[in-house]
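**Q**
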Amino acid sequence: MIVAAANAWLGLRVEEKQRLRRGGFPLMAVAILSTMLTGCVNPVGRSLYQPAPLATTPTWTGRTPRLVEATVADGVHFQGWFWPPETPGGAVLIYVPGRAGNRDIAAKAAQAFARDGRGVLVASYRGYGDNPGVPDERGLYQDGRAFVDWAERLVPDGNHFLFGDGLGAAVALHVAADLSAGAGVDGVVTLGAFDSFARFVPGLERGLYAAAFDNVAAIRRVTVPVLLMHGRKDEVVPFVAAERLRAAAGGKALVVPIDGEAYHSFDLSHIAPVVWRALDQIAADEAAAK
Numbered sequence: 001m002i003v004a005a006a007n008a009w010l011g012l013r014v015e016e017k018q019r020l021r022r023g024g025f026p027l028m029a030v031a032i033l034s035t036m037l038t039g040c041v042n043p044v045g046r047s048l049y050q051p052a053p054l055a056t057t058p059t060w061t062g063r064t065p066r067l068v069e070a071t072v073a074d075g076v077h078f079q080g081w082f083w084p085p086e087t088p089g090g091a092v093l094i095y096v097p098g099r100a101g102n103r104d105i106a107a108k109a110a111q112a113f114a115r116d117g118r119g120v121l122v123a124s125y126r127g128y129g130d131n132p133g134v135p136d137e138r139g140l141y142q143d144g145r146a147f148v149d150w151a152e153r154l155v156p157d158g159n160h161f162l163f164g165d166g167l168g169a170a171v172a173l174h175v176a177a178d179l180s181a182g183a184g185v186d187g188v189v190t191l192g193a194f195d196s197f198a199r200f201v202p203g204l205e206r207g208l209y210a211a212a213f214d215n216v217a218a219i220r221r222v223t224v225p226v227l228l229m230h231g232r233k234d235e236v237v238p239f240v241a242a243e244r245l246r247a248a249a250g251g252k253a254l255v256v257p258i259d260g261e262a263y264h265s266f267d268l269s270h271i272a273p274v275v276w277r278a279l280d281q282i283a284a285d286e287a288a289a290k
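Following this line, the structure appears as C-alpha cells:
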C-alpha cells in the first residue's frame, strides 16, 4: 500500500506538490493518502438528530476501554470511552460521531482506530444515550470542544487529532476553526462531510438553515491539515461537496477519494491503518518543525 501511495504521489505535478507544501500539508501524508480506499459514508437523513438510548455495553474486539467522565462549559455532564495510547505521550484520535446513536454505538465503530495500542477517545453529544440536555448546533460545538479539552487532560503530552464522521465532520471542523494552531488540535480527518447543511434541507425550509453547519466557512478558518475522505459515488452527500471544501481550505486540505459502490454504511477498519500512518507523519513533521 505504501509503495502504491508513493508512486501515486510521484505522479503529481510539481506545482501541485508545491501548493500542498505551502499549505502546510505533510508531503508523506499526501503520498500515503493518495491510495484509494473502499467503503461508504453515513448519510444525513430527514431528521437531523437521532439519539438512541443506551442498551448493553458493547462487545470489544481488542482492548477494553475505560469509561471516563467530563463536564462541558455550560454544565452538561457526560461519559465517554477511552483507549489510552500504550506509548507514553502517544497521539489520541478524538472520534466525533455522526447524527445517530450514542457513545456505545460510536465506540463500537471507532474501536478500529484503537488497534496496535493507539489512543482513542469516543463520546456522544448532549441528549444522546444517557447524556442530559437537548442537542442543537451550538451545543454540539461546545461538546466537541469539551472532547478536545478532555483528551488534553487525559494525555497532556500527546498530539490530538479530530476524526469527524458525517455530522461529526461539521463539529470537528468548527471546533478546529475556533482553535489556533497548536492549541489542542493538530489535524482533522472528515468522513463524508457536507459543504453546507442547507443543501440537504427541503426548499421551503432551506432559508431557516442558511447558516447552519456551514462547513465552507469553518474550513476557511482551520489552520491545521485537513483530510477530506469521501466516497466518489456517495448518493447522499455528493463527492463534489469534498471538492468545494478543498477549494475553500486554500491549500490546507486534501481530498481522499473512496472508491466503491453507493454508500450507506462503513467499516472504519478499512481506513484506520491509512489514517494513522498519515497522522503519524503529521505529528513527526510538527515535531521536526519545533
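Residue numbers (the UniProt record's numbering): 1 to 290.
Positions of the beta carbon are idealized from the N, C-alpha and C atoms, including for glycine.
Remember, it's a predicted structure, so these values are computed and weren't measured experimentally.
1) Starting from R220, trace the alpha helix (DSSP H) in both directions and tell me its first and last residue.
2) When DSSP builds the beta bridges, which residues end up paired with E69?
3) Are V224 and V189 closer than 8 Å when you measure CB to CB?
4) Beta-carbon separation of L121 and G80 under 8 Å?
5) Would you grab the beta carbon distance between G158 and G90 for me? Rounded to a whole angstrom, and I think it's under 8 Å.
6) State the Cα-Cα distance for the pair K108 and N102, rounded to the nearest angstrom.
7) L228 by DSSP, collapsed to three states: which one?
8) Decide if R232 is buried, meaning its Cβ has at least 16 other Cβ atoms within 10 Å, or exposed.
9) In whole angstroms, what separates the C-alpha of V175 from that of A193?
10) State the start and end residues of the unbroken beta strand (DSSP E) segment that holds A123.
11) How far does the alpha helix (DSSP H) with W174 in it extend, from its first residue to its last?
12) Grouping DSSP H, G and I as helix and E and B as strand, with all else coil, what is A288?
13) Identify whether I271 lies in helix, strand or coil by the three-state DSSP scheme.
14) Could you have a look at M1 and say whether DSSP puts it in helix, strand or coil?
15) My output table needs one value for G144: the three-state DSSP class, helix, strand or coil.
16) Measure the C-alpha to C-alpha separation of L268 and A289 and round it to an integer number of angstroms.
17) If distances are taken between C-alpha atoms only, which option among A123, L191, G133 and D149 comes closest to P257?
18) Just to confirm, is the Cβ distance from R63 to A114 under 8 Å?
19) In terms of residue numbering, what span does the beta strand (DSSP E) encompassing V255 cover?
20) With distances taken Cα to Cα, identify the nearest neighbour of G260 among F239, A249, R220 and L154.
21) Could you pull out every residue in the same chain whose Cβ sits closer than 6 Å to the Cβ of N131, ignoring the five residues on either side in sequence?
**A** In short, the structure shows the following:
1) Within the sequence shown, the letter at position 220 stands for residue 220. Note, R220: alpha helix (DSSP H), N215 to R221.
2) Taking the sequence shown and counting its residues from 1, one reaches residue 69 at position 69. Q79.
3) Numbered from 1 along the sequence shown, position 224 holds the residue referred to as residue 224. Numbered from 1 along the sequence shown, position 189 holds the residue referred to as residue 189. No. Outside cutoff.
4) As a first step, residue 121 is located in the sequence shown; it is residue number 121 there, counting from the start. As a first step, residue 80 is located in the sequence shown; it is residue number 80 there, counting from the start. Result yes, Cβ atoms of L121 and G80 sit closer than 8 Å.
5) On the sequence shown, position 158 is the one that residue 158 refers to. On the sequence shown, position 90 is the one that residue 90 refers to. Confirmed, about 5 Å.
6) Position 108 of the sequence shown, counting from 1, holds the residue named residue 108. Position 102 of the sequence shown, counting from 1, holds the residue named residue 102. Whole-angstrom Cα-Cα distance: 10 Å.
7) Within the sequence shown, numbered from 1, the residue matching residue 228 stands at position 228. Strand, per DSSP.
8) One-based indexing of the sequence shown puts residue 232 at position 232. Per the 10 Å Cβ criterion, exposed.
9) The sequence position of residue 175 within the sequence shown is 175, counting from 1. The sequence position of residue 193 within the sequence shown is 193, counting from 1. If you take the alpha carbons of V175 and A193, they lie about 14 Å apart.
10) Taking the sequence shown and counting its residues from 1, the one referred to as residue 123 is at position 123. Taken as a continuous stretch (DSSP letters only), the beta strand (DSSP E) holding A123 covers G119 to A123.
11) Position 174 of the sequence shown, counting from 1, holds the residue named residue 174. Residue identity check: residue 174 is His in the sequence provided, not Trp. Here the alpha helix (DSSP H) through H174 covers L167 to A177.
12) Here residue 288 refers to the residue found at position 288 of the sequence shown. DSSP places A288 in helix when its eight states are reduced to three.
13) Residue mapping note: residue 271 aligns to position 271 of the sequence shown, counting from 1. I271 falls in the coil class under three-state DSSP.
14) Position 1 of the sequence shown holds residue 1. With a pLDDT of 37 at M1, under the threshold of 50, the modelled position of that residue is not reliable, and no figure is offered here.
15) Position 144 of the sequence shown, counted from the start, is the residue given in the question as residue 144. Note: G144 maps to helix in three-state DSSP.
16) The residue you call residue 268 lines up with position 268 of the sequence shown. The residue you call residue 289 lines up with position 289 of the sequence shown. So the alpha carbons of these two residues sit roughly 31 Å apart.
17) Residue mapping note: residue 257 aligns to position 257 of the sequence shown, counting from 1. Closest by alpha carbon: L191.
18) Translated into positions along the sequence shown, residue 63 becomes position 63. Translated into positions along the sequence shown, residue 114 becomes position 114. Closer than 8 Å, so yes.
19) Stepping through the sequence shown from its first residue, residue 255 is reached at position 255. That run of the beta strand (DSSP E) goes A253 to D259.
20) In the sequence shown, counting from the first residue as 1, residue 260 sits at position 260. Of the listed residues, the one whose Cα sits closest to G260 is F239.
21) Counted from its first residue, the sequence shown places residue 131 at position 131. Hits under 6 Å: F78.
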